[in-house]
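The numbering used here puts the first residue of the sequence shown at 326, with every later residue one more than the last.
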Amino acid sequence: MNFIVKLLLTGISVIVASYLLDGVSVDSYFTAVIVAAVLALLNAAVKPILILFTIPITFLTLGLFLLVINAIIILMVDYFVPGFSVDGFWWALFFSIILAIVNSIFEELNKSK
Numbered sequence: 326m327n328f329i330v331k332l333l334l335t336g337i338s339v340i341v342a343s344y345l346l347d348g349v350s351v352d353s354y355f356t357a358v359i360v361a362a363v364l365a366l367l368n369a370a371v372k373p374i375l376i377l378f379t380i381p382i383t384f385l386t387l388g389l390f391l392l393v394i395n396a397i398i399i400l401m402v403d404y405f406v407p408g409f410s411v412d413g414f415w416w417a418l419f420f421s422i423i424l425a426i427v428n429s430i431f432e433e434l435n436k437s438k
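Pasting the structure below:
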């Protein structure tokens with residue numbers, strides 16, 4: 326049940342982030358929930374592999390390369406989900422940052438209940 330609530334909240338976060346950024350568009354809330362589901366799947370399956378292969382550069386950049394990995398994951402979601410569009414790498418990077426901020430706000434609000 327907690328996963329479904331988190332998925333729905335992440336869908337709202339996707340809508341908010343796409344509203345704030347001109348280079349990102351989402352057709353509907355249903356598409357945003359699908360984006361959240363595919364994002365969760367890719368974060369669980371692909372992201373650890375990317376992190377493993379990029380440990381040296383992540384270490385040299387003091388962890389900032391993880392932002393690049395997040396942007397790559399967002400671009401992969403753009404490829405897989407119709408109705409979700411990101412105009413380029415920089416928009417994906419900004420989208421991932423805003424998504425993380427909005428998700429952390431929702432998580433804090435959910436904890437206080």
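All residues carry an ideal CB built from backbone N, CA and C; glycine is no exception.
Backbone secondary structure at residue i - three-state DSSP
i	result
residue 349	strand
residue 371	coil
residue 326	coil
Per DSSP, cross-strand counterpart(s) of residue i
i	result
residue 409	351
Burial state of residue i (16 or more Cβ within 10 Å)
i	result
residue 403	buried
residue 397	buried
residue 387	exposed
residue 417	buried
CA-to-CA distance, residue j to residue i, given in whole angstroms
i	j	result
residue 415	residue 368	19 Å
residue 348	residue 407	16 Å
Counting Cβ pairs, one atom from each stretch, are 3 or more of them under 8 Å apart for the segment 374-381 and the segment 326-343?
-> no
At least three beta-carbon pairs within less than 8 Å, the segment 354-369 to the segment 335-346 | yes
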